[in-house]
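Below is one structure, written out as C-alpha cells, with a few remarks after it.
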Amino acid sequence: MKKLLLLIFFGISQTFFAQADCATALAVCGNSNITYSPFGIGAVNENLGGCLSTGEHNSIWYKVTIATSGTLTFDLVPNDPDADYDWAIYGPNVSCGSLGSPIRCNAATVVGVGPSTGLNMTSTITNAIGGSSTPYCRYLDVVAGQTYYLYIDNWVDVFNPTLAPFSLTWGGTATLASPFTDPNTQPFPFNPPGVPAANPADPREVIICVNPAVFDFSTLSAGILNGNPNFNVSYHTSQNDALTGNNPITVPTTVNTTSIYYYSIGYTDPTNPNSPLNKCKQIGTFKFRDGKITTKNATLTQCNNNNAGTSVYDLTTADVIADPTVIKKYYNTLSDLNAGINEITNPTAFTSAEATIYVKVISPFGCTAIAQILLKFHPVVVVNDATLRSCSIQTSPSTASFNLTGASVTMQNGAVKKYYPSATDAANQTNEITTPAAYIAPSGGVYVRVSNAQGCYNIAKITLVVIDPVYSSVLKDKIICVEDKTTLDAGPGFNGYEWSTGATTQAITNVGVGTYWVKLKTGDCIVLQNVKVYPSEQPVVSSIEISSTTVTVFVLGGTPAYKYSMDNINWQDSNVFSNVKRGDATIFVKDSYDCDPIEISIVVPNLINVITPNGDGYNDVIDYSALANKKNLVMNIFDRYGTMIFQVDKSTGYKWDGTIKGGVKVTTGNYWYSVGWNENDKMNTPIKYSGWIVVKNRD
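So, in C-alpha cells, the structure goes:
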C-alpha cells in the first residue's frame, strides 16, 4: 500500500526545489529505491575534492543516516546507457561547511564498462578518477547513528551531452534510518485518501457529490495518519509546496475534478527538533471525482412458492446501480422513503405478492438517488415422473448403477436437475445425490428437483428397477484328470458369450485344469460367471502286505472304486494279487476317474522256507541282506504261539541262524517271521512281508 500511497522525494527536479546543495540535501528515508533526474546545480558550486575535480554539472545531494550497523552498498543505474554519472560520499558525521575529502569517489567513464556504478562487496578501490574503467568502489562499514552525504552528478560536456534519470538501489546488511520504516515511530500503515483510479498510474480519487464543490481537506487527515503519533498531514496545490510545507490549504476550499492536489506527511521527533528524520516527508497525490450517482429502475421476478400467491425476494439483488459500495434502504411506498419511516428490515428475504418497492441509494460519500423495484412472478416448471431400469451389480445383485440424468422428467429447455433420496430432501435441498450419473441403489425411487433458469422448481419421481442377473444353470465346475481336457458349455438362451479364452461361442472345448470365466449377455445386461476345472485327487498307496507270493495293496484318497494292475494292461477290482513272482514288481492303481495310474515298485523276497543251521554251509541262515538298501528294514521271528523270539536288523547283518539271545539254538519246528520296510519312493510306501520257516537243528 505504501508504494501506492507515497512518493519519497522521487523524480523531483531542481526546478522546484534546490536539493542540489549540501545544505539542502534530501534526507534518505530508509532503504527504499530512489529515482531522480538531476538538472543543473544548486545555489553553491561545492568544493567536491577527491576524484571530482571539474565541479558540479547536474547534481543532487542526499543525507544518509544509519539505523543499524553493517555493510552498505548501492547500485546507481542510469536509464540511458550513454549517461555518465559521477558520485562521492563524505563522512561520517561531517558538516556541509567542512566535508573534507570524500571517503569514496568514482568518476569512471561509461566507455567500455557500461553506465552502472556504485559500491559493491568485491571492489577494493576507494577512489576512481575520471577516465577510470572501474565503476564500482569498495563497500562501506557503517555504524548505527552515523550520517553521510552522498553527492551524485550527471556529468556532461560537448562530447557527452546525455542527460537521463537514474535509479538507486541500496544493498548490504546495514539499514537506513526512517520514521516511515521504524515500527516504533510508525506503528500503523498510512492510508491513502480516496479510491484507486481506473488507471492505477493515475492519482487516487476523492469522491464529491457535486462539481465544483467546497471541500474540507482536514476531513481526510485522520484516515491518512491512521493513529500514528508525531506525524501530521498538510495539503497543497503543487509538489514544491508539498515538499517545503509552504502554502498549506487550511480552510474549506472550492475544488474541481481536473486539478491534482498533494498531501504531505511529515514527522516531528518529540525528543529532538533537530533530528535529520524531521526532514523526511512522504507525499502523495489525489484528485477529486464527481461521485454523483445515477440509479435505474429494476424488475425482480421470482417463483410463486407453489402458487401460494407470494414469493420470497432478495431486494438487494435488484440491479439499480452497479456500485457495490453504496448503501441501499428499501420502502413499501415513496412517502415512507421520503419520511425515512417503515424501512423494510429483511430485504434479503422479503415475502410479497407482485408489487412496487422503492429504494434509496446512498454512496459512501453521502450522495443519494432513488429507484423503483418491480416485483413479478415466473411461470411454473412442468415435470413428469419417469422409470429407469438398470442391470444389477454382480458383487451386490440387489443393487444397480443408475444414470439418473438419463431420466426424461421434463421437456423444458435449460432446466437444471438435482437428485435426492426423498421428496422431503428435494423440497429442502438436503442430502443431494452427488453422483447422479452412477447412483448405486436397490429398486425403489428417487426424486428430482427440476429448476428453470430463474430458480423456480418442481419435483418429479424416478422409479428405479434393478434387473436381476441371469446366470447359466448348466455351467458347473468340473473334475478331470490332470492330463485330460474337457468342454465347458454355458448353455443356450444368451445374446452373447465372451470367454476368458477369447472365444465367443456357447461352449469352449479342449479345456484343461484351471479357472475360467464367461461374460453372459442378456439384453443389455452382462454378468460374469466363473467356472473351475479341478484336477481329480490321485489315490495314494498307504501300505502293501506281502505274504509269500500273495501281495495285498491298501489305498487311500482319490475317488473309489479303485482298479489294480501289475502290468498297466490287465486290471482287476481286487486289491489282492496271488502267485506273484519273486523279485521286483510294479503295482499300478487308479480310481474311478480313470486317470493315469500311480505306480509303486515293490520287491517280493525270494527267501527259503527251511534252514538247517549245522554249519555245513548250506541253508544255515535266513539271509535277506539283499534288502539292506530299504528304509527301516527289520525282521521279527515268532514261535508257534506268536511270541517274538528274535529280531533281525542291521546289527545281525540282516541274517538269522536259528538261535535266540545268548546263542541258544531253537528247537526244531515251524516258526513265523514278519519283515517290514519302506520303499524308496516319494511316499515311503510301507511294505509288510510275512511267512513261515522250518528250522531243523540236529544237535
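Mapping of the sequence shown onto mature numbering (1 follows the signal peptide of the UniProt record, and there is no 0): residues -20 to -1, 1 to 679, in sequence order.
Built from N, CA and C at the ideal position, the CB exists for glycine as well.
| Item | Value |
| --- | --- |
| Reduced DSSP secondary structure (H/G/I, E/B, other) of Lys259 | helix |
| Coarse secondary structure for Gln374, derived from DSSP in three states | coil |
| Cβ-based neighbour list, Leu120, same chain, cut-off 6 Å, excluding 5 preceding and 5 following | Leu52 |
| Residue span of the alpha helix (DSSP H) that contains Ala403, given as start and end | Ala403 to Asn408 |
| Alpha-carbon spacing of Lys(-18) relative to Phe197, whole angstroms | Confidence is the limiting factor: at Lys(-18) the pLDDT is only 30, short of 50, which leaves the residue's position unreliable and the question unanswerable from this model. |
| Pairwise C-alpha distance: Asp405 and Leu(-14) | Summary for Leu(-14): the model assigns pLDDT 35, below 50, so the residue's position carries little reliability; its value from the coordinates is reported in the next sentence. Taking the straight line from one Cα to the other gives about 60 Å. |
| Spatial distance of Ala87 from Thr305 (CA atoms) | 56 Å |
| Ile204, enclosing alpha helix (DSSP H) - first and last residue | Ser201 to Leu205 |
| Buried or exposed (CB count within 10 angstroms, at least 16 for buried), Gln374 | exposed |
| Thr489 beta carbon less than 8 Å from that of Ser516 | no |
| Residue from Asp299, Lys272 and Asp574 whose Cα sits closest to the Cα of Phe345 | Lys272 |
| Between the CA atoms of Asp457 and Met663 - distance to the nearest angstrom | 30 Å |
| Rounded straight-line distance, which links the Cα of Gly656 to that of Ala487 | 53 Å |
| Which listed residue (Phe534, Asn277, Leu500 and Tyr311) has its alpha carbon closest to that of Ala298 | Asn277 |
| Residue ranges of each beta strand (DSSP E) within the segment 24 to 101, 3 or longer | 39 to 48, 50 to 58, 64 to 70, 84 to 86 and 97 to 100 |
| Local conformation of Asp221 per DSSP, three classes | helix |
| Contact between the segment 635 to 653 and the segment 583 to 599 (3+ Cβ pairs under 8 Å) | yes |
| Sufficient close CB pairs (3 or more, under 8 Å) joining the segment 327 to 339 to the segment 169 to 184 | no |
| Simplified DSSP assignment, three categories, for Pro519 | strand |
| Spatial neighbours of Ser572 in its chain, beta-carbon cut-off 7 Å, leaving aside the 5 residues before and after | Thr539, Pro540 and Ala541 |
| Residue closest to Thr502, alpha-carbon to alpha-carbon, out of Ala302, Asn510, Thr495 and Pro472 | Pro472 |
| Residues that Met624 bridges to, as DSSP identifies them | Phe618 |
| Anticipated Cβ contact below 8 Å, Val493 with Val462, distance rounded | 6 Å |
| Through-space distance from Val569 to Val614, alpha-carbon basis | 27 Å |
| C-alpha distance - Ile69 paired with Gln219, whole-angstrom precision | 28 Å |
| Exposure label - Val361; buried when at least 16 CB within 10 Å | buried |
| Beta-carbon spacing of Val446, Ser370 below 8 Å | yes |
| Span separating the alpha-carbon of Ala(-3) from that of Glu26 | Bear in mind that a pLDDT of 43 at Ala(-3), under 50, signals an unreliable position, so the number given afterwards is only what the model happens to contain. Those two C-alpha atoms are separated by around 13 Å. |
| Reduced DSSP secondary structure (H/G/I, E/B, other) of Phe197 | helix |
| Close beta carbons around Ala395, own chain, < 8 Å, minus the five adjacent residues each side | Val361, Val430, Ser431 and Asn432 |
| Opposing strand residues paired with Ser134 [DSSP bridges] | For the record, residue 134 in the displayed sequence is Asn; it is not Ser. Paired residues: Tyr65. |
| Ile567 versus Ile506: straight-line alpha-carbon distance, rounded | 51 Å |
| Straight-line gap, Gly30 to Asn107 (C-alpha atoms, nearest Å) | 7 Å |
| Helix, strand or coil at Ile(-9) according to DSSP, with G and I counted as helix | Residue placement at Ile(-9) cannot be trusted, given a pLDDT of 34 that sits under 50; what the coordinates show is reported in the next sentence. Residue state, collapsed to three classes: coil. |
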